[in-house]
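Residues 1 to 598 in my numbering are what the sequence shown spells out, letter by letter. Okay, so here's the structure we're looking at.
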Amino acid sequence: MAQDTVPKLFFHRVEKYKDRVALRKKELGLWNKITWWQYGQRVRQVGMGLVLLGLEPKDRVAIIGDSRPEWLYVDIGNLSVNGVSVGVYTTSSPEEVKYHLSHSETRFFFVEDEEQLDKALEIRDQLPKLEKVIVMDMKGLKHFHDPMVISFEELLQAGKEFDERNPGLFEQRLEKTGPDDIATFVYTSGTTGPPKAVMLSHSNVLSNSDAFAKHVAAFETDVILSYLPLCHIAERTLSVYHAINIGFTVFFAESPNTVPDNLREMSPTFFFAVPRIWEKFYSAINLGVQNATWFKRQSYNQAIKIGKRAAQKRLNHRRVPFFLWALNQLASIIVFRKVKKLLGIDRSRFALSGAAPISPDVLEYFHALGVNIRESYGMTESSALVTMHKDRNIRLGTCGEPLPGIEVKIAEDGEILIRGDNVFQGYFKDEENTSRTLIDGWLHSEDLGEFTDDGLLRITGRKKDLIITSGGKNISPQFIENLLKFSPYIVDAVVIGDGRKYLTAIIIVDEDNVIQYAQENGVPFTTYASLTKTKEILKLIGDEVKEVNAKLARVEQIKKFAITEKILDQEDDELTPTMKVKRKKISEVYKDLIESMY
1 MAQDTVPKLF FHRVEKYKDR VALRKKELGL WNKITWWQYG QRVRQVGMGL
51 VLLGLEPKDR VAIIGDSRPE WLYVDIGNLS VNGVSVGVYT TSSPEEVKYH
101 LSHSETRFFF VEDEEQLDKA LEIRDQLPKL EKVIVMDMKG LKHFHDPMVI
151 SFEELLQAGK EFDERNPGLF EQRLEKTGPD DIATFVYTSG TTGPPKAVML
201 SHSNVLSNSD AFAKHVAAFE TDVILSYLPL CHIAERTLSV YHAINIGFTV
251 FFAESPNTVP DNLREMSPTF FFAVPRIWEK FYSAINLGVQ NATWFKRQSY
301 NQAIKIGKRA AQKRLNHRRV PFFLWALNQL ASIIVFRKVK KLLGIDRSRF
351 ALSGAAPISP DVLEYFHALG VNIRESYGMT ESSALVTMHK DRNIRLGTCG
401 EPLPGIEVKI AEDGEILIRG DNVFQGYFKD EENTSRTLID GWLHSEDLGE
451 FTDDGLLRIT GRKKDLIITS GGKNISPQFI ENLLKFSPYI VDAVVIGDGR
501 KYLTAIIIVD EDNVIQYAQE NGVPFTTYAS LTKTKEILKL IGDEVKEVNA
551 KLARVEQIKK FAITEKILDQ EDDELTPTMK VKRKKISEVY KDLIESMY
């Protein structure tokens with residue numbers, strides 16, 4: 001059987017590895033193992049359970065839940081019988097869940113627990129195509145009965161018995177899946193309008209995984225932690241497609257709240273995180289140092305200075321002098337190893353940042369610690385990765401070189417264009433946007449960029465977000481925002497200035513860090529809103545803005561800023577499920593605040 005689809009490749013791995021550990025899930029304090037053979041049995045039972053329920057080829061099956069083995073069983077089991085998987089964020093409101101299920105015409109919906117079941121029950125009468133809801137975790141639902149709802153265990157048992165009564169049927173369905181069949185709908189984050197359903201085929205996702213395997217040194221013996229939402233293409237690619245393709249072991253975080261503890265316990269051999277997480281790591285370390293003894297602060301500060309000097313030499317492809325090398329080794333033994341162990345990345349051969357731009361200062365900091373962190377670039381429509389740094393060819397401020405088999409070029413207007421087997425099949429039920437995005441085989445990314453002389457891609461902004469001042473100067477807000485977010489006291493920033501004489505910024509402070517600062521410095525406050533108005537906090541943030549302005553050209557500098565009186569919230573439609581700021585919404589909500597700065 002050709003290994004040209006995700007499930008065919010998966011069952012090849014099952015036959016090859018059998019009793020080797022594929023997955024690990026923590027229960028009652030122990031990391032329990034799930035072998036490839038056990039993994040395969042669960043996938044088969046889910047697939048046959050769906051066939052028993054009436055799943056036809058190309059039917060959509062939706063999944064809402066945190067990262068857990070059952071998510072993978074459902075995803076691959078569904079693909080094995082030629083279904084299409086649709087991921088839904090657990091943070092989605094009932095209305096957002098309804099949009100995804102209605103738009104995708106979902107027939108079967110897997111929900112994680114009682115909380116997610118409640119959303120399904122609230123909207124089911126508005127979803128005529130929805131036939132069955134399957135609950136993975138029945139805790140609190142022992143006495144719940146509804147003809148539309150069954151438990152995950154019931155589905156597995158029914159699938160097993162149906163398989164026994166129909167030998168060969170599963171193999172027939174598996175064989176009929178083809179590389180050009182759609183494997184998944186991945187909904188875009190919706191920063192500029194309603195989410196679009198990106199259709200990715202088996203060939204799309206496998207070609208991207210093959211390109212990754214050729215680009216980096218990843219091995220069967222590697223271990224990773226799955227903790228980000230699996231409906232995000234980056235996490236799915238790593239924890240499902242790459243894991244199947246390469247054969248490494250996936251550990252699952254107990255919950256989003258236990259990720260730091262789980263990282264320290266299992267210590268992955270390579271680690272992927274979005275910029276917000278790398279920024280939180282940086283903030284947590286530096287705030288911890290501020291509260292340390294004088295001796296520890298001095299040791300840390302001197303070590304970081306040495307680490308940065310050594311990192312700058314390495315990143316600029318220059319030899320590290322012996323004396324600096326020796327000092328850096330000493331700093332590593334005394335400081336860096338402890339910091340990396342505290343974060344849980346002391347075993348990581350390399351780390352990856354992606355899904356959004358990251359400040360070069362953050363990358364330099366981790367290189368100073370001795371973390372081999374690389375930046376990547378990609379998008380949902382490209383099946384995740386497009387470019388990534390290679391070892392010994394890392395330049396800060398760039399996203400690396402195109403992966404094997406992927407072409408990237410820059411259009412006359414600066415837009416990044418992408419071509420390859422990884423490029424998506426179009427948007428479901430949206431010919432207009434498909435024809436606008438896919439032109440002559442090239443994916444028009446709407447990102448702006450340029451290549452360095454040594455062939456590394458540098459992102460310069462977004463076409464739709466580009467600010468053109470009243471003086472005619474084109475400015476990318478993301479670059480300035482990333483510099484602001486490097487501050488441990490700023491969690492998000494939105495730069496304003498289109499058609500204006502100067503730039504301003506709406507700033508969202510890091511609640512925990514700012515409250516800690518206020519308590520340590522005797523700043524009186526009663527509520528979060530009152531805290532943001534105190535002169536001490538305004539000065540604190542003002543100093544952070546001044547520090548950023550010192551790195552910018554005069555026209556790029558922030559002349560005024562305002563702090564929001566509340567944390568941005570997805571429920572208020574200010575953030576996407578991937579925690580990206582919706583600029584248009586922010587401009588509307590804070591219109592008066594913005595106008596007060598001009």
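Glycine residues also receive a C-beta, built at the ideal position from the N, C-alpha and C atoms. Quick caveat, the model's predicted, so the values are computed rather than measured.
Report the partner residues of Val111 according to the DSSP bridge assignment.
Within the sequence shown, the letter at position 111 stands for residue 111. Answer by DSSP bridge pairing, in chain order: Ile64, Val135.
Examine the Cβ distances between the region 439 to 456 and the region 413 to 421 and report whether three or more of them are shorter than 8 Å.
Flag = yes, the region 439 to 456 and the region 413 to 421 touch.
Using 9 Å as the threshold, is the C-beta distance between Asp510 and Pro488 below it?
Here the question's residue 510 lines up with position 510 in the sequence shown. Here the question's residue 488 lines up with position 488 in the sequence shown. Yes. Within cutoff.
I'd like the ranges of any beta strand (DSSP E) spanning at least 3 consecutive residues and lying wholly in the region 219 to 303.
The region 219 to 303 contains these whole beta strand (DSSP E) runs: 223 to 226, 249 to 252, 270 to 273.
So Lys160 and Asn433 are in contact, right, with Cβ under 8 Å, and what is the actual spacing, rounded?
Working through the sequence shown from its first residue, we reach residue 160 at position 160. Working through the sequence shown from its first residue, we reach residue 433 at position 433. About 42 Å; that fails the 8 Å criterion.
Can you tell me which of the three DSSP states His444 falls into?
Counting from one through the sequence shown, the residue named residue 444 turns up at place 444. Reduced to three states, the DSSP call for His444 is strand.
Alpha carbon to alpha carbon, how far is Ala234 from Leu174? Give it in angstroms, no decimals.
On the sequence shown, residue 174 is found 174 positions in, with the first residue counted as 1. On the sequence shown, residue 234 is found 234 positions in, with the first residue counted as 1. Taking the straight line joining both Cα atoms gives about 25 Å.
Rounding to the nearest angstrom, what Cα-Cα distance links Tyr89 and Ile475 in this structure?
Working through the sequence shown from its first residue, we reach residue 89 at position 89. Working through the sequence shown from its first residue, we reach residue 475 at position 475. Cα to Cα, Tyr89 sits roughly 33 Å from Ile475.
Does Tyr517 pass the burial test, meaning 16 or more other C-beta atoms within 10 Å, or should it be called exposed?
Position 517 of the sequence shown, counted from the start, is the residue given in the question as residue 517. By the neighbour-count rule (16 or more Cβ atoms within 10 Å), Tyr517 is buried.
Excluding sequence positions up to five away, which residues of its chain have a Cβ less than 6 Å from the Cβ of Lys25?
If you number the sequence shown from 1, residue 25 lands on position 25. Excluding residues within five positions, the ones whose Cβ falls inside 6 Å are Asn32, Pro69, Phe252.
Restricting to Cα atoms, I'd like to know which of Ile496, Val111, Thr526 is closest to Asp592.
On the sequence shown, position 592 is the one that residue 592 refers to. Answer by Cα proximity: Ile496.
Quick one: give me the first and last residue of the alpha helix (DSSP H) that Arg42 is part of.
Mapped onto the sequence shown, residue 42 falls at position 42. Arg42 -> alpha helix (DSSP H) spans 36 to 53.
Decide if the region 90 to 108 is in contact with the region 121 to 138; the criterion is three or more beta carbon pairs, one per stretch, under 8 Å apart.
Judged by Cβ distances under 8 Å, the region 90 to 108 makes contact with the region 121 to 138, as three or more pairs qualify.
Just to confirm my understanding: we take Gln116, look at its own chain, exclude 5 residues before and 5 after, and list those with CB closer than 6 Å. What are they?
Stepping through the sequence shown from its first residue, residue 116 is reached at position 116. Contacts found: Ile64.
Evaluate Arg60 with the Cβ neighbour count: other Cβ atoms within 10 Å of its Cβ, from every protein chain shown; 16 or more gives buried, anything less gives exposed.
To locate residue 60, count along the sequence shown from 1; it is residue 60. Buried is the call here.
Excluding the five sequence neighbours on either side, which residues of its own chain have a C-beta within less than 7 Å of the C-beta of Leu369, listed in chain order?
Counting from one through the sequence shown, the residue named residue 369 turns up at place 369. Contacts found: Gly307, Phe336, Val339, Lys340.
Relative to the alpha-carbon of Gly77, which residue among Ser353, Ile150, Met48 has its alpha-carbon at the smallest distance?
Locating residue 77 in the sequence shown gives position 77, counting from the first residue. Comparing Cα-Cα distances from Gly77 to each of Ser353, Ile150, Met48, the minimum goes to Met48.
Please identify the residue among Asn482, Lys501, Leu466 whose C-alpha is closest to the C-alpha of Asp492.
Within the sequence shown, numbered from 1, the residue matching residue 492 stands at position 492. Closest by alpha carbon: Asn482.
Please state whether the Cβ-Cβ distance between Ile373 and Ala356 is less than 9 Å.
Indexing the sequence shown from 1 puts residue 373 at position 373. Indexing the sequence shown from 1 puts residue 356 at position 356. The answer is no: Cβ separation not under 9 Å.
What residue does the alpha helix (DSSP H) around Leu327 start on, and which one ends it?
On the sequence shown, residue 327 is found 327 positions in, with the first residue counted as 1. Unbroken alpha helix (DSSP H) run through Leu327: 322 to 331.
At a cut of 8 Å, does the region 376 to 389 reach the region 397 to 416 through at least three beta carbon pairs?
These segments touch.
Of the residues Leu79, Phe152, Gly83, which one's Cα is nearest the Cα of Glu114?
The sequence position of residue 114 within the sequence shown is 114, counting from 1. Considering only alpha carbons, the answer is Phe152.
Drop a sphere of 10 angstroms on the beta-carbon of Asp543, count the other beta-carbons inside from all chains shown, and report buried for 16 or more, exposed for fewer.
To locate residue 543, count along the sequence shown from 1; it is residue 543. Asp543 should be labelled exposed.
Run through DSSP, which three-state label would Leu417 get?
Here residue 417 is taken as the residue at index 417 of the sequence shown, counted from 1. Looking at Leu417 - three-state DSSP - the assignment turns out to be strand.
Between the Cα of Ser201 and the Cα atoms of Asn422, Phe144, Ser93, Ala218, which residue gives the shortest distance?
Here residue 201 corresponds to residue number 201 of the sequence shown, with the count starting at 1. Looking at the Cα atoms, Asn422 is the closest of the given residues.
Between Thr269 and chain C, is any beta-carbon pair separated by less than 9 Å?
Of the chains in the structure shown, none is chain C; there is only one protein chain.
Determine, using beta carbons only, whether Val86 and Thr249 come nearer to each other than 9 Å.
What you label residue 86 is simply residue 86 of the sequence shown in a count that begins at 1. What you label residue 249 is simply residue 249 of the sequence shown in a count that begins at 1. In this structure, Thr249 does not lie closer than 9 Å to Val86 by Cβ.
Just how far apart, CA to CA, sit Glu122 and Glu95?
As a position in the sequence shown, residue 122 is number 122, starting the count at 1. As a position in the sequence shown, residue 95 is number 95, starting the count at 1. Going from the Cα of Glu122 to the Cα of Glu95 covers about 9 Å.
Which class does Asp59 belong to by DSSP, given the choice of helix, strand or coil?
The residue labelled residue 59 in the question sits at position 59 within the sequence shown. Coil, per DSSP.
Please work out which residues of its chain come closer than 8 Å, Cβ to Cβ, to Asn262, disregarding the five sequence neighbours upstream and downstream, and give them in chain order.
Locating residue 262 in the sequence shown gives position 262, where the first residue counts as 1. Correct list, in chain order: Lys26, Leu225, Tyr227, Phe251, Ala253, Glu254, Gly344.
Could you check where the alpha helix (DSSP H) with Ile515 kicks off and where it finishes?
On the sequence shown, position 515 is the one that residue 515 refers to. Run containing Ile515: 511 to 520, per the alpha helix (DSSP H) assignment.
For the beta strand (DSSP E) containing Leu457, name the first residue and the last one.
Counting from one through the sequence shown, the residue named residue 457 turns up at place 457. Where Leu457 is concerned, the enclosing beta strand (DSSP E) stretches over 457 to 462.
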